[in-house]
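Enquirer:
2 protein chains.
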Amino acid sequence: MKKLINSPETVLADALTGIEAADPSVRVDHVNRVIYRAAPKVDGKVALVSGGGSGHEPLHGGFVGYGMLDAACAGEVFTSPTPDQMQAATKEVDRGAGVLHIVKNYTGDVMNFEMAAELAAAESGVEVATVVTADDVAVQDSLYTAGRRGVGVTVLLEKIVGAAAEEGRDLAAVKAIADKVAANGRSMGMALTSCTVPAAGKPTFDLPEDQMEIGIGIHGEPGRHREPLASAKDIAAQLVEPILADADFTGDPAIVMLNGMGGSPLIELYLMYGEVAALLEKAGVSVARTLVGNYITSLDMAGCSVTVLKADDEILSLWDAPVETAGLRWGR
Amino acid sequence: MKKLINSPETVLADALTGIEAADPSVRVDHVNRVIYRAAPKVDGKVALVSGGGSGHEPLHGGFVGYGMLDAACAGEVFTSPTPDQMQAATKEVDRGAGVLHIVKNYTGDVMNFEMAAELAAAESGVEVATVVTADDVAVQDSLYTAGRRGVGVTVLLEKIVGAAAEEGRDLAAVKAIADKVAANGRSMGMALTSCTVPAAGKPTFDLPEDQMEIGIGIHGEPGRHREPLASAKDIAAQLVEPILADADFTGDPAIVMLNGMGGSPLIELYLMYGEVAALLEKAGVSVARTLVGNYITSLDMAGCSVTVLKADDEILSLWDAPVETAGLRWGR
Chain A
1 MKKLINSPET VLADALTGIE AADPSVRVDH VNRVIYRAAP KVDGKVALVS GGGSGHEPLH
61 GGFVGYGMLD AACAGEVFTS PTPDQMQAAT KEVDRGAGVL HIVKNYTGDV MNFEMAAELA
121 AAESGVEVAT VVTADDVAVQ DSLYTAGRRG VGVTVLLEKI VGAAAEEGRD LAAVKAIADK
181 VAANGRSMGM ALTSCTVPAA GKPTFDLPED QMEIGIGIHG EPGRHREPLA SAKDIAAQLV
241 EPILADADFT GDPAIVMLNG MGGSPLIELY LMYGEVAALL EKAGVSVART LVGNYITSLD
301 MAGCSVTVLK ADDEILSLWD APVETAGLRW GR
Chain B
1 MKKLINSPET VLADALTGIE AADPSVRVDH VNRVIYRAAP KVDGKVALVS GGGSGHEPLH
61 GGFVGYGMLD AACAGEVFTS PTPDQMQAAT KEVDRGAGVL HIVKNYTGDV MNFEMAAELA
121 AAESGVEVAT VVTADDVAVQ DSLYTAGRRG VGVTVLLEKI VGAAAEEGRD LAAVKAIADK
181 VAANGRSMGM ALTSCTVPAA GKPTFDLPED QMEIGIGIHG EPGRHREPLA SAKDIAAQLV
241 EPILADADFT GDPAIVMLNG MGGSPLIELY LMYGEVAALL EKAGVSVART LVGNYITSLD
301 MAGCSVTVLK ADDEILSLWD APVETAGLRW GR
């Protein structure tokens, strides 16, 4: 295992130390492992809390800041944070307007956020609403989920809903826009290589030098099938076609993300985006905004995913609102 | 070779197609392989042109935009662009105020930019000034250079000097701030793995599973030495110590970049930054601004580099000026 770490046991603690040192706009609660805005609003704003297993950076900690999240709970690598962490974050960020939990659809995350919401309501009187993302069209159920996995649309949702909360909308309105984004986005990913979880010390799965896996999950969980390495053009088709088959993306404009899994360099991600854009144009999808880069990763896995979100005027206008976080620059 | 490409021969052309599709704020001259701002200023601004071999993305194409470059010339992977490309870019962006060439110190780049400057002056009467970056303390001469290699400080220079040009400073003043940045920055890098050049189809060098290379270049050219894999803390010391031994970074504040080589995930880069920050604090270096992420990469190489720039008030103020490019968000 070749990694820039001190020891498998201290990866998360050491990374949180680095995030805090690198970004003066956040502060870290090292006991509860929560990343907060260093200068939160005083009152009235609906607060957004997300979180999940670590190893997907910049998601979620890199998205804490003006226009996105108020707090992110960091679990161990690929492991859900605990209800205690989530409860502490929820209580800390509440400004009397309620808190939205943004949860990727994995069994541990869903269960723990649910428990945290109940505890925060019962013990601190915090009103909590929840949105669950489940945008991965690759599989219907999987290793860690009942139903579809939550992946790339989570990034877009945190940006868009963050802008709505920043505008001062109330919890019901913030929850409504979150549900709209969750309902209108679809994703599909693929891997050229496995990731290596530090605590395991070896690749999660074996993928021969001449094979790739289509429909991979962000924890290295199985996708749809394996097949021989193919061209970027062919890979793009295998990601875009299942997305377009699952929902109608004509009519409204779309926001499209070409996301890297962590180990693929930017030159390849841009190249892939060119292929995806050509396919979408051919299919009559009008791309209004794009994002190309590493946004929801899977440690050092080489590969990429495509996310397409149907975006009406409200979503586009929220997408264009200012954002100041380490992990997402102003969307254009 | 596992890459998201169509064929080794078309990597650059296909990536340029993707960049143009992804970023409406740039346009691409596909014949000359130059990335331009889509909406350049009409007149009076000193223009900044850079470029070099591809494979280091987002450098340089991702840095074209308001507050940074006016044009970037893209060579084939790890190969200098030609004087023709540079001459075309120089002529195209000149607004009567002259053009600054930003050149990393590699023999081909230096020679070709020199020829382009002469041609642009002789044939089009464009006044050209040049800054050469040579900040890599790892080696004095190397495979592709006489003198030190130009690496990470190029990123910081393009941001800072871009802001100076945007303010309307004249060519001599822009060149002066460029020279100041080039003189006051130092870098050092390391690799856990080799990169693989698409046209070669196999790793540039062999690096056993239990070894790393300290002082690596951004083209996989040899560094100082190889040694057994070490902890992040130890690696950080091996990068920071030679930098601090080469220049005095106490007194003024510093801008520090922890840069990923392309194949290392963000969680490891943040972890490394934590170690670097602790060492700098111990050495009495006051870090005023930071940048953590993939900014000057080496295809899919796993590893990182550290760049430290001594920054007076003028440099810090230019660093803080707005920037709108795909590759660099507003530095904080």
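Going line by line, the protein sequences match chains A and B. If you read the first sequence in our numbering, its first letter stands for residue 1, the second for the next number, and so on. If you read the second sequence in our numbering, its first letter stands for residue 1, the second for the next number, and so on. Heads up, the beta-carbon is just placed ideally off N, CA and C, and yes, glycines get one too.
Quick one: what's got a C-beta closer than 7 angstroms to V292 of chain A's C-beta in the same chain, skipping five residues either side?
Expert: Only L258, L269, Y270 and Y273 meet the Cβ criterion.
Enquirer: In three-state terms, what does DSSP make of R332 of chain B?
Expert: For R332 of chain B, the predicted model reports a pLDDT of 34, less than 50, meaning its position is unreliable and no value from the coordinates is stated.
Enquirer: Shortest alpha-carbon distance to G150 of chain B belongs to which of B:S50, B:E167 and B:Q87?
Expert: The candidate whose alpha carbon is nearest that of G150 of chain B is B:S50.
Enquirer: Taking only three categories from DSSP, how would you classify I102 of chain A?
Expert: The answer is strand: DSSP assigns I102 of chain A an E or B state.
Enquirer: Excluding five sequence neighbours on each side, which residues of the same chain lie with their C-beta closer than 6 angstroms to the C-beta of R224 of chain A?
Expert: So the qualifying residues of the chain are A138, I214 and G215.
Enquirer: With respect to the alpha helix (DSSP H) encompassing M261 of chain A, which residues constitute its N-terminal and C-terminal limits?
Expert: It is not in any alpha helix (DSSP H) - M261 of chain A carries neither H nor E in the DSSP assignment.
Enquirer: Compute the Euclidean distance between the alpha carbons of P208 of chain B and D14 of chain A, then round it to the nearest angstrom.
Expert: Taking the straight line joining both Cα atoms gives about 26 angstroms.
Enquirer: Going by the DSSP bridge assignment, what does E324 of chain A pair with across the sheet?
Expert: In the DSSP output, where bridge partners are listed per residue, E324 of chain A has A:Y66.
Enquirer: Report the three-state DSSP secondary structure of Q211 of chain B (helix, strand or coil).
Expert: Reduced to three states, the DSSP call for Q211 of chain B is strand.
Enquirer: Given that I19 of chain B touches chain A, what residues does it touch there, using C-beta distances under 7 angstroms?
Expert: Going along chain A in sequence order, the residues near I19 of chain B (Cβ under 7 angstroms) are Y270.
Enquirer: Mind pulling the chain B residues with CB within less than 8 angstroms of L229 of chain A?
Expert: Neighbours of L229 of chain A on chain B, chain order: K2.
Enquirer: Quick one: grab the DSSP three-state call for I255 of chain B.
Expert: The answer is strand: DSSP assigns I255 of chain B an E or B state.
Enquirer: DSSP on E76 of chain A, reduced to helix/strand/coil?
Expert: Looking at E76 of chain A - three-state DSSP - the assignment turns out to be strand.
Enquirer: Can you tell me whether A283 of chain A is buried or exposed? The criterion is at least 16 other CB atoms within 10 Å of its CB, across all chains shown.
Expert: Classification for A283 of chain A: exposed.
Enquirer: Hey, how far is the Cα of G331 of chain B from the Cα of N184 of chain A?
Expert: Because G331 of chain B carries a pLDDT of 37, less than 50, the predicted location of this residue cannot be relied on, and the following value inherits that uncertainty. When rounded, the distance between both Cα atoms is 33 angstroms.
Enquirer: Cβ closer than 9 angstroms: which chain A residues qualify as neighbours of A302 of chain B?
Expert: Going along chain A in sequence order, the residues near A302 of chain B (Cβ under 9 angstroms) are K2, K3, L4, G263 and D300.
Enquirer: What residue range is occupied by the uninterrupted alpha helix (DSSP H) comprising V396 of chain A?
Expert: Only positions 1 to 332 of chain A appear in the structure, and residue 396 of chain A is not among them; the question remains open.
Enquirer: What's the gap between the Cα of E221 of chain A and the Cα of K180 of chain A?
Expert: C-alpha separation (whole angstroms): 27 angstroms.
Enquirer: Would G274 of chain B count as contacting chain A if we go by Cβ distances under 7 angstroms?
Expert: G274 of chain B counts as touching chain A.
Enquirer: Consider the Cβ of L192 of chain B: report whether some Cβ of chain A lies at a distance smaller than 7 angstroms.
Expert: True, the Cβ-Cβ gap to chain A drops below 7 angstroms.
Enquirer: Sorted by chain position, which residues of the same chain lie with C-beta nearer than 6 angstroms to A199 of chain A's C-beta, five sequence neighbours on each side aside?
Expert: Contacts found: P8.
Enquirer: What would DSSP say about S124 of chain A, mapped onto helix, strand or coil?
Expert: Looking at S124 of chain A - three-state DSSP - the assignment turns out to be helix.
Enquirer: Which residues in the same chain have their Cβ closer than 7 angstroms to the Cβ of V174 of chain A, if we skip the five residues on either side of it in sequence?
Expert: Excluding residues within five positions, the ones whose Cβ falls inside 7 angstroms are V46, L100, V161, A164 and A165.
Enquirer: Where do the ends of the beta strand (DSSP E) carrying P242 of chain B lie?
Expert: Element bounds for P242 of chain B: not the beta strand (DSSP E) but the alpha helix (DSSP H), A232 to D246.
Enquirer: Assuming I102 of chain B and A71 of chain B make a contact with CB atoms under 8 angstroms, what is their CB distance in whole Å?
Expert: Their Cβ separation, rounded to whole angstroms, is 11 angstroms, which puts I102 of chain B and A71 of chain B out of contact at 8 angstroms.
Enquirer: Pop quiz: H56 of chain B and T297 of chain B are said to be a contact at Cβ under 8 angstroms. What is the actual Cβ separation, rounded to whole angstroms?
Expert: With a Cβ gap of about 5 angstroms, H56 of chain B and T297 of chain B count as contacting.
Enquirer: What does the alpha-carbon distance come out to for the pair A38 of chain A and P24 of chain A?
Expert: Approximately 7 angstroms, taken between the alpha carbons.
Enquirer: Using DSSP's beta-bridge definition, name the partner residues of S187 of chain B.
Expert: B:D136 and B:T307, per the DSSP bridge assignment.
Enquirer: Buried or exposed: where does V110 of chain A fall if 16 or more other Cβ atoms within 10 Å of its Cβ makes it buried?
Expert: With 16 or more Cβ atoms within 10 Å of its Cβ, V110 of chain A is classed as buried.
Enquirer: So with CB distances below 9 angstroms, who are the chain B contacts of T79 of chain A?
Expert: Per Cβ cutoff of 9 angstroms: no residues; T79 of chain A is ~14 angstroms from chain B at best.
Enquirer: Below 7 angstroms between beta carbons is the criterion; list the residues of the region 239-251 of chain A that meet it against any residue of chain B, in chain order.
Expert: Listed by position, the residues of the region 239-251 of chain A near chain B (Cβ gap below 7 angstroms) amount to none.
Enquirer: By Cβ distance, which residues of its chain are closer than 8 angstroms to D43 of chain A, with the 5 residues on each side in sequence left out?
Expert: Excluding positions up to five away in sequence, the list reads R95, G96 and A97.
Enquirer: What did DSSP end up calling T17 of chain B once you bin it into helix, strand or coil?
Expert: In the structure shown, T17 of chain B sits in a helix (DSSP, three-state: H, G or I).
Enquirer: Relative to the C-alpha of A146 of chain A, which residue among A:T133, A:A278 and A:V153 is closest?
Expert: When only C-alpha atoms are compared, the closest one is A:T133.
Enquirer: For a test of the three-state rule: what should DSSP assign to S25 of chain B, helix, strand or coil?
Expert: In this structure, S25 of chain B counts as coil in the three-state DSSP scheme.
Enquirer: So, is the C-beta of A199 of chain A closer than 7 angstroms to a C-beta in chain B?
Expert: Chain B, which has no Cβ nearer than 7 angstroms to the Cβ of A199 of chain A, makes this no.
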